[in-house]
Amino acid sequence: MIDIKSKREIELMKEACRVTVLVHKAIEEAIKPGVSTLELDKIAEKVIRENGGIPAQKGYPGPDKYTPAFPASICASVNDEVIHGIPSNRVILKEGDVVSIDLVVYKNGYNGDAARTYIVGKGSKDDERLLDVTKKAFFEGIKFAKQGFRIGDISHAIGEFVEKNGYSVVKEFQGHGIGKSMHEDPGIPNYGKAGKGPRLQAGMTLAIEPMVIAGNENILELDDGWTIVTQDGSKSAHYENTILITEKEPEVLTLL
Ligand code: MG
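Residue numbering for the sequence shown follows our numbering, beginning at 804 and increasing consecutively.
Pasting the structure below:
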């Protein structure tokens, strides 16, 4: 069942998304060589709570019974880490690192979800291109994020664009509906067949999130039960926004 949000619900979604953007801005300003990912996490939690929100990822149940709940307010994934990196005072950012920050803010009953990837200081041309393609893949995908198209149209556009540029998309993780819950129907893979899947309707709110690997598509899970890394050690980037489907162009709620 894909939830259609009412006008009031959309206003509440917009507020959660507004706070999500504020947090990303604070993190972007703080990212520099010598800063730990735990420091970024503390900044995020402070900004979220100062703005009346709750960090939705903190305490999120693990993927299996052996994995403790997620301990932090952001996921911070560095270099070959793809997603779900756990902030730590042992992870100190250095010049040229590629760091993906994914965060979800819960406020007044609704969630806002966005991810950005940054290069610490000055990066290599290759890494800049990886970030650029990942971000552009999102915008290629949302060309089809309007009433009448199908989820598969978004998935196909993202996957095709990434592969055309010589990179791989992560197949085991995907975008999702979002609202009262962080993860709602439908799942939104970053690859697939055009013309397939649920039809889009005005009032749906979706988190679209290309996860891109510079090398091959294979991933591994670390022993912490959370962190996903590339198998070949190549770098990875993540770009995500929460969007609202309308009868015309989609509204990207986590861009200000
Ligand atoms: Mg996210």
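Backbone N, C-alpha and C fix where the C-beta goes; we use that ideal spot for every residue, glycine too.
Cβ-Cβ distance between residue i and residue j below 7 Å
i	j	result
residue 1044	residue 917	yes
residue 956	residue 997	yes
residue 850	residue 819	no
residue 1007	residue 1048	yes
residue 864	residue 848	no
residue 1016	residue 971	yes
residue 940	residue 1013	yes
residue 930	residue 901	yes
residue 827	residue 920	no
residue 892	residue 839	yes
residue 906	residue 886	no
residue 846	residue 833	yes
Outcome for residue i when other beta-carbon atoms lying within 10 angstroms are tallied against a minimum of 16
i	result
residue 816	buried
residue 855	exposed
residue 1034	exposed
residue 1002	exposed
residue 809	exposed
residue 912	exposed
residue 962	buried
residue 967	exposed
residue 807	exposed
residue 884	buried
residue 844	buried
residue 1025	exposed
residue 1000	buried
residue 1023	exposed
residue 1038	buried
heavy atom of the ligand MG below 6 Å from residue i C-beta
i	result
residue 918	yes
residue 1024	no
residue 987	no
residue 975	no
residue 905	yes
residue 1052	no
residue 1043	yes
Proximal residues to residue i (C-beta, below 7 Å), its chain only, five neighbours per side dropped
i	result
residue 1010	916, 978, 979, 981, 1043 and 1045
residue 897	836 and 923
residue 889	874, 875, 1027, 1029 and 1030
residue 804	988
residue 872	862, 863, 864 and 865
residue 1053	945, 948, 949, 1046 and 1047
Own chain residues within Cβ distance below 6 Å of residue i, not counting five before or after
i	result
residue 870	1028
residue 952	1003
residue 908	819, 822, 823, 851, 856 and 915
residue 927	none
residue 964	940 and 943
residue 1055	1044 and 1046
residue 895	839
Cβ shell of residue i (< 8 Å), same chain only, five flanking positions each side left out
i	result
residue 974	992, 993, 994 and 1020
residue 1058	824 and 1044
residue 910	815, 818, 819, 822, 854, 855, 856 and 857
residue 1050	949, 950 and 1005
beta-carbon residue i near the ligand NAP non-hydrogen atom, thresh 6 Å
i	result
residue 845	As for the ligand NAP, it is missing from this structure, which binds only the ligand MG.
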